[in-house]
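Below is one structure; the comments refer to it alone.
Residue numbers (the working numbering): 1319 to 1683.
So this is what it looks like as structure tokens:
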């Protein structure tokens, strides 16, 4: 499961992925781009034990830390006006080595806690603005029973919710789980469904995965991809070009290309922000594939997602290898949407009320 009990984010590879690694090794060799494209995502590296003084176990704080009807609200995050995030469980089919929540506490909500959190989402505190829930974790497709409970509660207790987004890598980690039992859960409830997947390399477009996505599309799912730029996996034009071409061919929207986040022991995955910006410009300006398949290059900062434009970087601290990024986030709005949210020490408020935040850069060594 995503999360660490004692700071040790253990290696976990599904049988499906283990078999694919063997197939790729036999076909291309263990020093090939294809093998590294998958292995570096899931095999634990000794580089993870290199901990820098300013490394953090947690990248940002977005939990709703309040009491509702006399009880704490658990498993709910909110940074934006229209959307809340619900985390029923941290269980996953495999562990992505660069996981955002790899160092978070392991947890699964009880049924009572889940019901309480959903009632909060449907309460007068949120229902005038919030109409969209992102169910993530962990991976919500790992437990059809808990997913069924979540959707049933949202339908009953939060009628303001019209859109259900699911964050999952199951189609690419254990696609057999996309079966009739799971599909029946979704078809029981009348929501607009979207699935956010995370596919990082062309080698991951296996027949089993495409068929799993097709089954979801047949019941009305819209599929989108948001993937990190990972050193040694996809940090070159050719791999990204082929990746986004395959996404387009398979009717998957290319949503975000994320700069890999600064997490504890994960520096070996991170390019410089500048390298990613150059690749993003090369992608967006080339004519080698459809413009409808080109993602937005984005940083997941301490205060939320910031798309990188020419004037986003306003300062640099050479000593700490950090960049000051301009955001479009209004501090007062953020406090209105999540009153328990506290401004990180990395963040300053401009004269216009908009927040700027320091972000630790990677390197290209």
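Beta carbons are placed, not taken as given, at the ideal position from N, Cα and C, and that holds for glycine.
Does residue 1640 come out as helix, strand or coil in the three-state DSSP assignment?
strand
Is the beta carbon of residue 1613 less than 9 Å from the beta carbon of residue 1574?
yes
Inter-residue Cα distance where the pair is residue 1519 and residue 1490
11 Å
Kindly list the residues whose CB is nearer than 6 Å to the CB of residue 1553, restricted to its own chain and excluding five residues on each side of it in sequence; keep chain order.
1547 and 1589
What does the alpha-carbon distance come out to for the pair residue 1609 and residue 1621?
29 Å
Range of the contiguous beta strand (DSSP E) that encloses residue 1464:
First-last for residue 1464: 1462–1475, but that is the alpha helix (DSSP H), not the beta strand (DSSP E).
The beta strand (DSSP E) that contains residue 1510, what's its start and end?
1510–1515
Can the beta-carbon of residue 1361 be found closer than 9 Å to that of residue 1522?
no
Select from 1558, 1483 and 1326 the residue whose C-alpha is nearest the C-alpha of residue 1368.
1326
Candidates 1353, 1344, 1337 and 1383, of which the one nearest residue 1660 by Cα:
1383
Per DSSP, what kind of secondary structure is residue 1655 in: helix, strand or coil?
helix
When DSSP builds the beta bridges, which residues end up paired with residue 1676?
1642
Considering only the alpha carbon of each residue, which of 1645, 1501, 1658 and 1505 lies closest to residue 1667?
1645
Take residue 1476 and list the residues in its own chain whose beta-carbon comes closer than 6 Å to its own, dropping the five residues that flank it on each side.
1436, 1439 and 1440
So what's residue 1634 in DSSP terms, helix, strand or just coil?
strand
For the segment 1480–1488 against the segment 1441–1457, do three or more pairs of beta-carbon atoms, one drawn from each stretch, fall closer than 8 Å, so that the two count as touching?
yes
Classify residue 1522 as helix, strand or coil using the three-state DSSP reduction.
helix
Among 1371, 1539, 1537 and 1402, the one whose alpha carbon lies nearest that of residue 1444
1402
Going straight from the alpha carbon of residue 1530 to that of residue 1414, what length do you get?
20 Å
Suppose you measure from the CA of residue 1461 to the CA of residue 1605; what does that come to, to the nearest Å?
42 Å
Cβ of residue 1389 within 9 Å of Cβ of residue 1447?
no
Quick check on the DSSP output: the beta strand (DSSP E) that includes residue 1572 runs from which residue to which?
1571–1577
Just to confirm before moving on: does the CB-CB distance between residue 1411 and residue 1457 stay below 9 Å?
yes
Where the alpha helix (DSSP H) through residue 1505 begins and ends:
1498–1506
Run through the DSSP bridge pairs and tell me what residue 1540 is partnered with.
1512
Secondary structure at residue 1648, three-state DSSP: helix, strand or coil?
strand
Below 6 Å CB to CB, which residues in the same chain sit around residue 1545 once its five sequence neighbours on both sides are set aside?
1516 and 1518
Residue 1482 bridges to which residues according to DSSP?
1451 and 1511
Could you tell me the alpha carbon to alpha carbon distance between residue 1566 and residue 1572, rounded to whole angstroms?
8 Å
In this structure, does DSSP put residue 1490 in helix, strand or coil?
helix
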